[in-house]
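Each remark here refers to the structure printed beneath this line.
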Amino acid sequence: MSELERLQDTMMRYLLQPDADNEADCLQWVDDQHGLAAPQRLHIYANAYKARLREVIDTDHEMLGLYLGDELFEQMVSGYLAAYQSPYTSLRQYCDRLPEFLRQDSFFSQYPILSDLAGFERRLFDAFDAAESDRVPVNALEGIAANHWPILKVRFHPSVQLCQFQSNAVESWQALKHNQEPPAPRLGESRYWLLWRNQERVTEFSSLQYWQYRLMAGFLNGDDLSQQCELLLDTFDENETPGQVFAALQAWLEMGIISHFS
Amino acid sequence: MQPSDATSETLLSPYLGFGLGLRTPHYEQVLQEQPDVDWFEVLSENYMVAGGKPRYYLEAIGERYPLVMHGVSMSIGSTDPLNMEYLRSLKALANAVNPRWISDHICWTSIHGVNSHDLLPLPYTWETVRHVAERVKQVQDFLGRRILLENVSSYLSYRNSEMNEWEFLNAVCDEADCLILLDVNNIYVSARNHGFDPLDYLNVVNPLRVQQIHLAGHSDYGDYVIDTHDHDVPDAVWDLYRETLKRLGPVSSMIERDGNIPTFDELYNELGQARTIADDVLGIDAIPASKRHVFGAAQQAVQEVARV
Numbered sequence: 080m081s082e083l084e085r086l087q088d089t090m091m092r093y094l095l096q097p098d099a100d101n102e103a104d105c106l107q108w109v110d111d112q113h114g115l116a117a118p119q120r121l122h123i124y125a126n127a128y129k130a131r132l133r134e135v136i137d138t139d140h141e142m143l144g145l146y147l148g149d150e151l152f153e154q155m156v157s158g159y160l161a162a163y164q165s166p167y168t169s170l171r172q173y174c175d176r177l178p179e180f181l182r183q184d185s186f187f188s189q190y191p192i193l194s195d196l197a198g199f200e201r202r203l204f205d206a207f208d209a210a211e212s213d214r215v216p217v218n219a220l221e222g223i224a225a226n227h228w229p230i231l232k233v234r235f236h237p238s239v240q241l242c243q244f245q246s247n248a249v250e251s252w253q254a255l256k257h258n259q260e261p262p263a264p265r266l267g268e269s270r271y272w273l274l275w276r277n278q279e280r281v282t283e284f285s286s287l288q289y290w291q292y293r294l295m296a297g298f299l300n301g302d303d304l305s306q307q308c309e310l311l312l313d314t315f316d317e318n319e320t321p322g323q324v325f326a327a328l329q330a331w332l333e334m335g336i337i338s339h340f341s
Numbered sequence: 174m175q176p177s178d179a180t181s182e183t184l185l186s187p188y189l190g191f192g193l194g195l196r197t198p199h200y201e202q203v204l205q206e207q208p209d210v211d212w213f214e215v216l217s218e219n220y221m222v223a224g225g226k227p228r229y230y231l232e233a234i235g236e237r238y239p240l241v242m243h244g245v246s247m248s249i250g251s252t253d254p255l256n257m258e259y260l261r262s263l264k265a266l267a268n269a270v271n272p273r274w275i276s277d278h279i280c281w282t283s284i285h286g287v288n289s290h291d292l293l294p295l296p297y298t299w300e301t302v303r304h305v306a307e308r309v310k311q312v313q314d315f316l317g318r319r320i321l322l323e324n325v326s327s328y329l330s331y332r333n334s335e336m337n338e339w340e341f342l343n344a345v346c347d348e349a350d351c352l353i354l355l356d357v358n359n360i361y362v363s364a365r366n367h368g369f370d371p372l373d374y375l376n377v378v379n380p381l382r383v384q385q386i387h388l389a390g391h392s393d394y395g396d397y398v399i400d401t402h403d404h405d406v407p408d409a410v411w412d413l414y415r416e417t418l419k420r421l422g423p424v425s426s427m428i429e430r431d432g433n434i435p436t437f438d439e440l441y442n443e444l445g446q447a448r449t450i451a452d453d454v455l456g457i458d459a460i461p462a463s464k465r466h467v468f469g470a471a472q473q474a475v476q477e478v479a480r481v
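If you read the sequences in order, they're chains A and B.
Reading the first sequence from the start, the letters are residues 80 to 341 in the working numbering.
Reading the second sequence from the start, the letters are residues 174 to 481 in the working numbering.
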């Protein structure tokens, strides 16, 4: 290991865990200068490391922070920083594993709505800066030949995100966003959500019924229309199913979330 | 160590004038009003995403203004292998943006694959000079262009350093044949924290390689100063900018604001102070960009000021 690598290794260990041992190791490298003492100089870097990542969590998960309150938010920040270093070149990704942390941490896992809240906020980011692509015009269904309908496949806009939560996290997020008291947590019932970025580049979201969720998930999986109609026969009778699917396709066109029919 | 006597006229890209860092709250105003700003600097990592608002505004504003790209994650001084995935993303972004130039910092940010997200100082040793210069050459070969390295603010120095920061900066840039983004605020901050005279820095930094200047504010805690970029440019930094221009001539200059971001109009007015100082020192504020990039013009301007 070169001298430079040893220095960087020592410094990084200190930043990640600024305890007395790591500080003592680091001080072997740090010059004594006039003015500020060497340990204080090191502390500036340790404080900056924590403050920067804390700010990212605070900024990226504003509603989660409000839901938790100051004390629990700081507990979450400390736990997440200790559990997850950043392998990323952009801070945009640093909180990607926050839902996982909240699901697995012995304390926070007692409150499953927290992981759902964090997960919802991550999906908002994913919709926000997903790739751009064409959007099929609203009258596109008129041009599809009758014999193509059974094998019709749908490609959604890259910003489309499907979510399944086991809590009323999104309703809580909405309440907090409007400066209202969030509802009491309700757990155990699956709730389905669609997120996307509209043509004005504004992120939107909408609740889905289970059959709508399955329909979208099937198309995202590459299934064609005939497979999808068959799937929905446990929800609608065979006369009703084509109309429901057609209505869903038309709604998605109007939302501008279909990029391509094939 | 003296500056290289290499002929520089072909090293520097054309002078751009006075710019601002492009920040999210100002996107719409910049696009709608197209203010009289000569160019914008964009933070590379913020646009290394597939699409959405950031890329939309970047493309739209890039059609109207010259852009330069400024990054924070190259980790050019790290002993980790160069992050080729990052460099591929950077190159892809550059292909899309067509920036006038690309910059990052002379520092290290990561090791063992862990990113500190901080601009950590390097020891000023010959080993580090060779190490960094070799990596800069690899990056420049990959990107197909010279890059700029920015001096960082620092709060400590290492026992094993063998030279001053400004000597280190010159040595790396000469060895790697790269350019310099001179952050005047960072010089001020480091001078306060380490007790050196900032003019010593300015007197020695190689003027032939300085492509761009950053101006920013900081937080002054009395015993030390932190480079926070969340305040207006203070008088002490403006004074140092004046001294910088006396020595370097016209260099594309911009205000870098990262926190507590004011309205666009406030930043625009602050940029006016940079124009006023440049006009005062150099007297060539109105010279068209096309005529201002040659270093000889800068020298001539300085001489003319001296005659006055």
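Quick reminder that beta carbons are idealized off the backbone N, C-alpha and C, glycines included.
{"Asked": "Determine the closest residue to Ala-224(A) out of Asn-101(A), Ser-81(A), Ala-127(A) and Ser-341(A), with distance taken between C-alpha atoms.", "Found": "Ser-341(A)"}
{"Asked": "Does Ala-459(B) come out as helix, strand or coil in the three-state DSSP assignment?", "Found": "Interpretation of Ala-459(B) is limited by its pLDDT of 47, a score under 50 that renders its predicted location unreliable; the figure taken from the coordinates is listed afterwards. In this structure, Ala-459(B) counts as coil in the three-state DSSP scheme."}
{"Asked": "Counting contacts by CB-CB distance shorter than 9 Å, is Ser-334(B) in contact with chain A?", "Found": "yes"}
{"Asked": "Using alpha carbons as the reference points, say which of Ser-283(B), Pro-208(B) and Gly-224(B) lies closest to Arg-92(A).", "Found": "Ser-283(B)"}
{"Asked": "Is Ala-459(B) close to chain A, meaning its C-beta is less than 9 Å from at least one C-beta of that chain?", "Found": "For Ala-459(B), the predicted model reports a pLDDT of 47, less than 50, meaning its position is unreliable; a value from the coordinates is still stated below. No - not a single Cβ of chain A is within 9 Å of the one on Ala-459(B)."}
{"Asked": "Let's test the definition: count the other Cβ atoms within 10 Å of the Cβ of Gly-456(B) and tell me whether it reaches 16, buried, or not, exposed.", "Found": "exposed"}
{"Asked": "Could you tell me the distance, in whole angstroms, from the CA atom of Gly-322(A) to the CA atom of Arg-182(A)?", "Found": "40 Å"}
{"Asked": "Let me see if you follow: with CB-CB separation under 9 Å, is Asp-208(A) close to chain B or not?", "Found": "yes"}
{"Asked": "Can you confirm whether His-339(A), when its beta carbon is compared against all beta carbons of chain B, has any partner nearer than 9 Å?", "Found": "no"}
{"Asked": "Are there 16 or more other CB atoms within 10 angstroms of the CB of Ile-482(B), so buried, or fewer, so exposed?", "Found": "Coverage of chain B is limited to positions 174 through 481, which leaves residue 482(B) absent and any answer about it impossible."}
{"Asked": "Extract the residue ranges of the alpha helix (DSSP H) inside the segment 161-241 of chain A, only unbroken runs of 4 or more that lie entirely within it.", "Found": "177-183 and 191-207"}
{"Asked": "Let me know the secondary structure DSSP gives His-304(B) once reduced to three states.", "Found": "helix"}
{"Asked": "Closer than 7 Å by C-beta to Pro-227(B): which residues in its own chain qualify, once you throw out the five before and the five after it? Chain order, please.", "Found": "Asn-219 and Tyr-220"}
{"Asked": "Measuring CB to CB, does Asp-400(B) end up less than 9 Å from Val-325(B)?", "Found": "yes"}
{"Asked": "Over what stretch of residues does the beta strand (DSSP E) that includes Asn-288(B) continue unbroken?", "Found": "287-293"}
{"Asked": "Tell me the rounded alpha-carbon separation between Asp-111(A) and Ser-327(B).", "Found": "14 Å"}
{"Asked": "Tell me, please, whether the CB atom of Pro-262(A) is closer than 9 Å to any CB atom in chain B?", "Found": "no"}
{"Asked": "Please list the partners that Thr-252(B) has in chain A, where partner means a Cβ-to-Cβ separation under 7 Å.", "Found": "Ser-81, Leu-83, Glu-84 and Gln-87"}
{"Asked": "For Glu-429(B), does the three-state DSSP call read helix, strand or coil?", "Found": "coil"}
{"Asked": "Tell me, please, whether the CB atom of Leu-184(B) is closer than 9 Å to any CB atom in chain A?", "Found": "no"}
{"Asked": "Just reading off the alpha helix (DSSP H) that Phe-284(A) is part of, what are its end residues?", "Found": "Note, Phe-284(A): premise wrong, no alpha helix (DSSP H); beta strand (DSSP E) at 282-287."}
{"Asked": "Would DSSP call Gln-307(A) helix, strand or coil?", "Found": "helix"}
{"Asked": "Chain A beta carbons: is any one of them nearer than 9 Å to that of Gly-286(B)?", "Found": "yes"}
{"Asked": "Hey, how far is the Cα of His-236(A) from the Cα of Val-287(B)?", "Found": "33 Å"}
{"Asked": "Short check: CB of Phe-341(B) to CB of Leu-295(B), under 9 Å?", "Found": "yes"}
{"Asked": "So, does the CB of Gly-194(B) fall closer than 9 Å to a CB anywhere in chain A?", "Found": "no"}
{"Asked": "Tell me whether the beta-carbon of Phe-207(A) lies closer than 9 Å to the beta-carbon of Gly-225(B).", "Found": "yes"}
{"Asked": "Does Gly-342(A) have its Cβ less than 9 Å from a Cβ in chain B?", "Found": "With chain A covering only 80 through 341, there is no way to say anything about residue 342(A)."}
{"Asked": "Given a limit of 7 Å on CB to CB distance, which residues of the segment 99-116 of chain A reach chain B?", "Found": "Trp-108, Val-109, Asp-110, Gln-112, His-113, Gly-114 and Leu-115"}
{"Asked": "His-243(B) and Phe-437(B) - do their beta-carbons sit closer together than 9 Å?", "Found": "no"}
{"Asked": "Pull up the distance between the alpha-carbon of Ile-428(B) and that of Ser-363(B), whole angstroms please.", "Found": "18 Å"}
{"Asked": "Taking the beta strand (DSSP E) that Ser-344(A) belongs to, which residues open and close that run?", "Found": "Nothing in the structure corresponds to residue 344(A), since chain A is present only between 80 and 341."}
{"Asked": "For Gln-385(B) versus Ser-334(B), is the C-beta distance shorter than 9 Å?", "Found": "no"}
{"Asked": "Could you tell me which uninterrupted alpha helix (DSSP H) segments, each at least 4 residues in length, are contained entirely in the segment 309-380 of chain B, listed from first to last along the chain?", "Found": "338-349, 357-367 and 371-377"}
{"Asked": "Relative to the alpha-carbon of Gln-291(A), which residue among Thr-314(A), Leu-86(A), Gly-148(A) and Gly-267(A) has its alpha-carbon at the smallest distance?", "Found": "Thr-314(A)"}
{"Asked": "Using the Cα positions of Ala-459(B) and Asn-366(B), report the straight-line distance between them to the nearest angstrom.", "Found": "Only weak support is given to the placement of Ala-459(B): the predicted model assigns it a pLDDT of 47, under 50, and the question is left unresolved by the model."}
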